[in-house]
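Residue numbers (our numbering), protein chains in the order written: chain A, 3 to 308; chain B, 3 to 308. Here's the structure, in structure tokens; my notes come after.
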DNA sequence: CAAGACCCCAAGCACCGCTTATGGCAGGCT
DNA sequence: AGCCTGCCATAAGCGGTGCTTGGGGTCTTG
């Protein structure tokens, strides 16, 4: 009593063609092949579906009922092919991207803009999120792509995710106006420090400890505009990655590269296999292109020249 | 790019189960079987449909789209099975019956009534029609069943139709009140005759010619009530099959059997194969049952005893 | 009356599609 | 840490589905 869907579609072909022979021609088969399928289908149905006449076949009531259902199935199938074809051809698709603030301000608009121009059907949804929330979101399937970072290497909590590095950028010391570049981090041991996001703060403390002191964290904000305003007023010193300064640069603060602050590795995290999804792949490619073009400016620009 | 419907349903099972292994269990297969089907489906689609994780799979956008389509297909399939099952179980169905007047007045109501009681879901549509129109209607598919007749044998124009005999009935001479049974047809050569339907008229003329004369056909009507009223007024004589008299019997006319008038063969015409359609078969069986019970009354009743 | 259309049936064979067997990978338990 | 147990993929083998060819029957058509 379980009907075979394929045979339902064969029945449809037969009824549309008007005879088994004609249907077989359309399907590229021989007539007995169609005949056997219909016999099976009739056995499954338990009811005759066709009346065989000398000039072709005509549906019984059951055949007519199944024809209507088969038409609906064929329509669904056709629609499915259309939709998948649109997804494969980048005429449709949706990518949910989570990115940390400074990347959301620099890389993302350029990449998403270029993608929107090349493929208007692709809808990119951006959500600003630090790696600590973005990576689990991708893992849980709540996002397709996370623009994340790690210090001195990829993020450590990439369990089950693939990592595609985009760029490596220096971390710069950010000092109040008029300050001259210190010889090293240890020279700033008595200064009040401004901490950024969780991950950045942790890295800053690590770097200071390596330099031999625990920094006095007087202020904490993950907003790179706020940070620079505080520094500009002389209320503290801090460290910022190059891209944060590229996103916004307070004209008065002094930014100098310092090897002790290490490097920030920016990249994309996605679930294994997701790179083969066309829309995702297109956005990844666009982000990689943008990163290639902007990375040299970040990594090579000597901010000390300011 | 042509998607296989069955694989669509397999994808559905996988996404509902959450993993290939679980889906395989549900389908009664092994895991690699499901894995291969999905690989084929993804190749057909040209797009990844699933992201494989360590704890099962989750759909990509394309997979999600196909899932929705597969759900619709499954729903259609299920509905198709329901409908066919109802047809097979006589819980639904429609039979278009064409019957000649006297059968429509006797056999049909009894049979259709019994069928309606036994299977309320079966809808019988009756159309009154002489064999000359009923048989072509069945052949053309405009009717499922024709209650028809032939004189001295089944109808001659059964090209391509199957014939199921129901009963054989005598044709009776119908005479005005007070008339006594004539020795033979030839004794009525000078009487004014009343002709019935085309086929009946033809048979009457044939019988008279065999008896050696051409009958004077003064009146013509296929309505057996009208015929008897004319006879009752002494306006002519005629011949009527037993079932016409069973349907309506004018109290005054005299009806006597006469071998020269031959026998009328009543039966069912249907397209070959149609007897296997449950609803049709049920009506056929009911008609045969009714005919078996009423036929002896017709054939054996001596109307001359009136 | 033969030719051509339609159908069914039977037998053969190829390939699809399932199975078994094996390996890799990630997470969770002891 | 190391094993164990999920998960999935791959490869090889084999059975059965499902196609083909070949032949026969019936009804319409020229």
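Cβ coordinates follow ideal geometry from the N, Cα and C atoms, glycine included. Computed from a prediction, not measured in an experiment: that's the story for all the values here.
- Task: Decide if the region 129-149 of chain A is in contact with the region 232-245 of chain A; the criterion is three or more beta carbon pairs, one per stretch, under 8 Å apart.
- Result: Under the three-pair Cβ rule at 8 Å, the region 129-149 of chain A does not count as touching the region 232-245 of chain A.
- Message: I need the straight-line Cα distance from residue 193 (chain A) to residue 247 (chain A), nearest angstrom please.
- Response: Here residue 193 (chain A) corresponds to residue number 191 of the first chain, with the count starting at 1. Here residue 247 (chain A) corresponds to residue number 245 of the first chain, with the count starting at 1. Distance between the alpha carbons of residue 193 (chain A) and residue 247 (chain A): 21 Å.
- Task: Jot down the residue ranges of each uninterrupted beta strand (DSSP E) in the region 6-81 of chain A, minimum 3 residues, whole runs only, in chain order.
- Result: 52-55 and 58-61
- Query: Secondary structure at residue 115 (chain B), three-state DSSP: helix, strand or coil?
  - Reply: Taking the first residue of the second chain as 1, we reach residue 115 (chain B) at position 113. Reduced to three states, the DSSP call for residue 115 (chain B) is helix.
- When the Cβ atoms of the region 160-175 of chain A are set against those of the region 264-275 of chain A, are three or more pairs found closer than 8 Å? They touch, by the three-pair rule.
- Where do the ends of the beta strand (DSSP E) carrying residue 99 (chain B) lie? Looking up residue 99 (chain B) in the second chain gives position 97. 95-101 is the span of the beta strand (DSSP E), which, as asked, contains residue 99 (chain B).
- Cβ neighbour criterion (16 or more within 10 Å) applied to residue 38 (chain A): Locating residue 38 (chain A) in the first chain gives position 36, where the first residue counts as 1. Its Cβ having fewer than 16 others within 10 Å, residue 38 (chain A) is exposed.
- Query: How about residue 132 (chain B): is its C-beta nearer than 9 Å to some C-beta of chain A?
  - Reply: The residue labelled residue 132 (chain B) in the question sits at position 130 within the second chain. For residue 132 (chain B), the closest Cβ of chain A is not nearer than 9 Å.
- Spell out the partners DSSP gives residue 151 (chain B) in its beta bridges. To locate residue 151 (chain B), count along the second chain from 1; it is residue 149. Residue 151 (chain B) is bridged to B:268.
- Message: By the 7 Å beta-carbon criterion, what residues does the region 260-280 of chain A contribute toward chain B?
- Response: 273, 275, 276, 278, 279 and 280
- Message: Less than 6 Å between C-beta atoms, sequence neighbours within five positions excluded: which residues of the same chain meet that for residue 94 (chain A)?
- Response: Along the first chain, read from residue 1 onward, the residue named residue 94 (chain A) stands at position 92. Contacts found: 88 and 123.
- Across which residues does DSSP place residue 241 (chain A) in a beta bridge pair? By one-based count along the first chain, residue 241 (chain A) stands at place 239. Answer by DSSP bridge pairing, in chain order: A:175.
- Item | Burial state of residue 227 (chain A), where buried means 16 or more other Cβ atoms lie within 10 Å | In the first chain, counting from the first residue as 1, residue 227 (chain A) sits at position 225. So residue 227 (chain A) counts as exposed.
- Comparing alpha-carbon positions, which option in B:85, B:92 and B:217 lies nearest residue 119 (chain B)? As a working mapping, residue 119 (chain B) is identified with position 117 in the second chain. Per the Cα distances, B:92.
- Query: Using Cβ-Cβ distances below 7 Å, what residues of the region 78-104 of chain B are close to chain A?
  - Reply: 78, 79, 81, 82, 83, 85, 86, 87, 89, 90, 95 and 96
- Output the distance between the C-alpha atoms of residue 174 (chain B) and residue 14 (chain A), rounded to the nearest integer angstrom. Counted from its first residue, the second chain places residue 174 (chain B) at position 172. Counted from its first residue, the first chain places residue 14 (chain A) at position 12. C-alpha separation (whole angstroms): 52 Å.
- Query: Pick from A:125, A:121 and A:101: whose alpha carbon is nearest that of residue 135 (chain A)?
  - Reply: Here residue 135 (chain A) refers to the residue found at position 133 when the first chain is read from its first residue. The candidate whose alpha carbon is nearest that of residue 135 (chain A) is A:101.
- Message: With a threshold of 6 Å on Cβ separation, who are the neighbours of residue 260 (chain A) within its own chain once the five nearest residues in sequence on each side are excluded?
- Response: Position 258 of the first chain holds residue 260 (chain A). Non-local beta-carbon contacts of residue 260 (chain A) in its own chain, meaning distances under 6 Å to residues more than five positions away in sequence, involve 175 in chain order.
- Exposure label - residue 80 (chain A); buried when at least 16 CB within 10 Å: By one-based count along the first chain, residue 80 (chain A) stands at place 78. It counts as exposed.
- Message: Below 8 Å, how does it come out for the region 64-77 of chain A and the region 69-83 of chain B: are there three or more Cβ pairs, yes or no?
- Response: yes
- With 9 Å set as the bound, which would you pick, yes or no: does the beta-carbon of residue 208 (chain B) sit closer than that to a beta-carbon of chain A? On the second chain, position 206 is the one that residue 208 (chain B) refers to. Judged by the 9 Å Cβ criterion, residue 208 (chain B) is not in contact with chain A.
- Query: Whose C-alpha, out of A:3, A:49, A:275 and A:53, is nearest the C-alpha of residue 16 (chain A)?
  - Reply: Looking up residue 16 (chain A) in the first chain gives position 14. Nearest neighbour of residue 16 (chain A) by Cα position, chosen from A:3, A:49, A:275 and A:53, turns out to be A:53.
- Please name the residue in B:180, B:182 and B:215 whose C-alpha comes closest to that of residue 195 (chain B). As a first step, residue 195 (chain B) is located in the second chain; it is residue number 193 there, counting from the start. Taking the Cα of residue 195 (chain B) as reference, the smallest distance to any Cα among B:180, B:182 and B:215 is reached at B:215.
- What residue range is occupied by the uninterrupted beta strand (DSSP E) comprising residue 126 (chain A)? Here residue 126 (chain A) refers to the residue found at position 124 when the first chain is read from its first residue. Run containing residue 126 (chain A): 124-130, per the beta strand (DSSP E) assignment.
- Query: Does the separation of the CB atoms of residue 157 (chain B) and residue 133 (chain B) fall below 9 Å?
  - Reply: As a first step, residue 157 (chain B) is located in the second chain; it is residue number 155 there, counting from the start. As a first step, residue 133 (chain B) is located in the second chain; it is residue number 131 there, counting from the start. For residue 157 (chain B) and residue 133 (chain B), yes; Cβs fall inside 9 Å.
- Tell me where the beta strand (DSSP E) around residue 310 (chain A) begins and ends. Given a span of 3 to 308 for chain A in the structure shown, any question on residue 310 (chain A) remains unanswerable.
- Nearest residue (CA-CA) to residue 107 (chain B), options B:129, B:97, B:117 and B:279: The count along the second chain starts at 1 and reaches residue 107 (chain B) at position 105. Looking at the Cα atoms, B:129 is the closest of the given residues.
- Message: By DSSP's criteria, residue 221 (chain A) is part of a beta bridge. Which residues make up the other side?
- Response: Against the first chain, residue 221 (chain A) aligns to sequence position 219. Residue 221 (chain A) pairs with A:196.
- Could you check the C-alpha separation between residue 146 (chain A) and residue 125 (chain A) for me, to the nearest Å? Translated into positions along the first chain, residue 146 (chain A) becomes position 144. Translated into positions along the first chain, residue 125 (chain A) becomes position 123. Roughly 12 Å separates the two Cα atoms.
- Task: For residue 172 (chain A), collect the residues of the same chain with a Cβ closer than 7 Å to its Cβ; drop the 5 residues on either side in sequence, then sort them by chain order.
- Result: Translated into positions along the first chain, residue 172 (chain A) becomes position 170. Counting only Cβ-Cβ distances below 7 Å, and skipping sequence neighbours, we find 244, 259, 265 and 301.
- Query: CB residue 109 (chain B) to CB residue 69 (chain B), shorter than 9 Å?
  - Reply: Your numbering for residue 109 (chain B) matches position 107 in the second chain. Your numbering for residue 69 (chain B) matches position 67 in the second chain. Contact flag unset, no.
- Query: Is the beta carbon of residue 36 (chain A) sitting closer than 9 Å to the one on residue 47 (chain A)?
  - Reply: The residue you call residue 36 (chain A) lines up with position 34 of the first chain. The residue you call residue 47 (chain A) lines up with position 45 of the first chain. Contact flag unset, no.
- Would residue 279 (chain A) pass as a contact of residue 274 (chain B) if the rule is Cβ separation under 9 Å? Mapped onto the first chain, residue 279 (chain A) falls at position 277. Mapped onto the second chain, residue 274 (chain B) falls at position 272. Cβ atoms of residue 279 (chain A) and residue 274 (chain B): not closer than 9 Å.
- Query: What are the partner residues of residue 169 (chain B), as DSSP defines its beta bridges?
  - Reply: Here residue 169 (chain B) refers to the residue found at position 167 when the second chain is read from its first residue. As computed with DSSP, residue 169 (chain B) is found in a beta bridge with B:268.
- From which residue to which residue does the alpha helix (DSSP H) around residue 232 (chain B) run? Residue numbering aside, residue 232 (chain B) sits at position 230 when the second chain is read from its first letter. According to the DSSP assignment, residue 232 (chain B) belongs to the alpha helix (DSSP H) that extends over 226-234.
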